[in-house]
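In what follows, a single structure is set out as structure tokens and then discussed.
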Ligand code: ZN
């Protein structure tokens, strides 16, 4: 049972201004800011992590704030186009009031697969959704303004838009163990029964949709969760055996990762639970300090001087 994909691990997107991104997700959406670090491949850029109290897999949304000088990205095919969070039943009207108060762009609540949801945009135009979920046992992170009656519980689903879902569906079912659970017009819902939450991937098929462009306001990649390194490497073999190119294991300090581009063009990652976000900060201090991987520690002064302060 454990030798499986355990739903979504994290989702990584691109933002513009770092401080605006930090304010939106920590103050308006009420997520915990669990890690302030840099892009390990480009230490001149922040890498922010938001999640629940300890940064549990299935709650982690991360950003590379590239700054506002970079042109906007464009949602399109070959891309994760919507990020869905789980919220308590009856909370959408309170979220609407909150979005009104903070000038957040949103749509009227609607229904998908029998569930009420509310679509909204972050300040960079990234599309997110809040789904009223009947039962979600995950413990929410609470802030002064966002209490348990409305707080997000972590991811509900992610939506991927494709010209043709066949190849992507094949990865989900044949490699990751997901099953087709339902269809509403051109939306195909895939779920895994290995976890109770963050278990849904929706594939939307739009034959003529233009290819998306990854930049500010779009999703960079979607990471799927495995228990440990041994299972990670088991999936490396499975992906490679299917004929897809996959990276060696990469150490991301808070988890260990593999990356591959699925046939529909979306960058997928597989990431471990270990070692987690308390590897370099105590639980109560998560997100407080700028944490650098060992290879950049000697350049801390130079790196810090280059990054915009957040408050
Ligand atoms: Zn990632």
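Numbering (the working numbering), first residue to last: 1241 to 1551.
Backbone N, C-alpha and C define an ideal beta-carbon position, used for all residues, glycine too.
Where do the ends of the alpha helix (DSSP H) carrying residue i lie?
i            : result
residue 1476 : 1469-1481
residue 1543 : 1540-1546
residue 1263 : 1258-1263
residue 1270 : No alpha helix (DSSP H) holds residue 1270; DSSP gives it neither H nor E.
residue 1408 : 1406-1410
Is the separation between the beta-carbon of residue i and that of residue j shorter than 8 Å?
i            : j            : result
residue 1288 : residue 1302 : yes
residue 1319 : residue 1459 : yes
residue 1427 : residue 1363 : no
residue 1533 : residue 1280 : yes
residue 1314 : residue 1504 : no
residue 1292 : residue 1380 : yes
residue 1256 : residue 1316 : no
residue 1353 : residue 1476 : no
residue 1390 : residue 1327 : yes
residue 1515 : residue 1536 : no
residue 1550 : residue 1262 : yes
residue 1455 : residue 1311 : yes
residue 1249 : residue 1492 : no
Within the continuous beta strand (DSSP E) that includes residue i, where are the two ends?
i            : result
residue 1552 : Nothing can be reported for residue 1552: it is not among the residues displayed for the chain, which extend from 1241 to 1551.
residue 1338 : Here residue 1338 belongs to no beta strand (DSSP E); instead the alpha helix (DSSP H) covers 1332-1341.
residue 1501 : 1495-1501
residue 1514 : 1507-1515
residue 1432 : Taken as a continuous stretch (DSSP letters only), residue 1432 belongs to no beta strand (DSSP E), as it is neither H nor E.
residue 1224 : Since the displayed the chain opens at 1241 and closes at 1551, residue 1224 lies outside it and no answer follows.
residue 1485 : First-last for residue 1485: undefined, no H or E at that position.
residue 1367 : 1367-1373
residue 1359 : 1355-1361
residue 1403 : Run containing residue 1403: none; DSSP gives neither H nor E here.
residue 1326 : 1319-1328
residue 1440 : 1440-1445
residue 1284 : 1282-1291
residue 1459 : 1459-1466
For the putative contact between residue i and residue j, defined by C-beta atoms under 8 Å, what is the C-beta separation to the nearest angstrom?
i            : j            : result
residue 1472 : residue 1507 : Their Cβ separation, rounded to whole angstroms, is 17 Å, which puts residue 1472 and residue 1507 out of contact at 8 Å.
residue 1528 : residue 1520 : The Cβ separation is near 11 Å, so there is no contact.
residue 1418 : residue 1408 : No, residue 1418 and residue 1408 are not in contact; Cβ-Cβ is about 10 Å, not under 8 Å.
residue 1205 : residue 1269 : There is simply no residue 1205 to check, as the chain begins at 1241 and stops at 1551 in what is shown.
residue 1323 : residue 1400 : Their Cβ separation, rounded to whole angstroms, is 11 Å, which puts residue 1323 and residue 1400 out of contact at 8 Å.
residue 1258 : residue 1286 : 5 Å
residue 1483 : residue 1438 : Not a contact, Cβ separation roughly 28 Å.
Residues in its own chain within less than 7 Å of residue i by CB, not counting five upstream and five downstream?
i            : result
residue 1274 : 1289, 1290, 1291, 1295, 1517, 1526, 1527
residue 1244 : 1417, 1434
Looking only at its chain, what residues have a beta carbon closer than 8 Å to the beta carbon of residue i, apart from the 5 residues adjacent to it on each side?
i            : result
residue 1485 : 1500, 1501
residue 1357 : 1324, 1332, 1349, 1350, 1351, 1369, 1370, 1371, 1372
residue 1423 : 1429
residue 1490 : 1496, 1497, 1498, 1499
Tell me whether residue i counts as near the ligand SAH, meaning its Cβ is closer than 7 Å to at least one heavy atom of that ligand.
i            : result
residue 1530 : Of the ligands this structure carries, namely the ligand ZN, none is the ligand SAH.
Among the residues of its own chain, which have a CB less than 6 Å from the CB of residue i, if the five just before and after it don't count?
i            : result
residue 1265 : 1271, 1290
residue 1509 : 1461, 1463, 1497, 1499
residue 1365 : 1457
residue 1241 : Its pLDDT being 49, under 50, residue 1241 is placed unreliably by the model, and the measurement read from it follows with that caveat. Excluding positions up to five away in sequence, the list is empty.
residue 1329 : 1372
Residues with a Cβ closer than 5 Å to any heavy atom of the ligand ZN, in chain order? Working through the chain, the matches are 1252, 1463, 1509.
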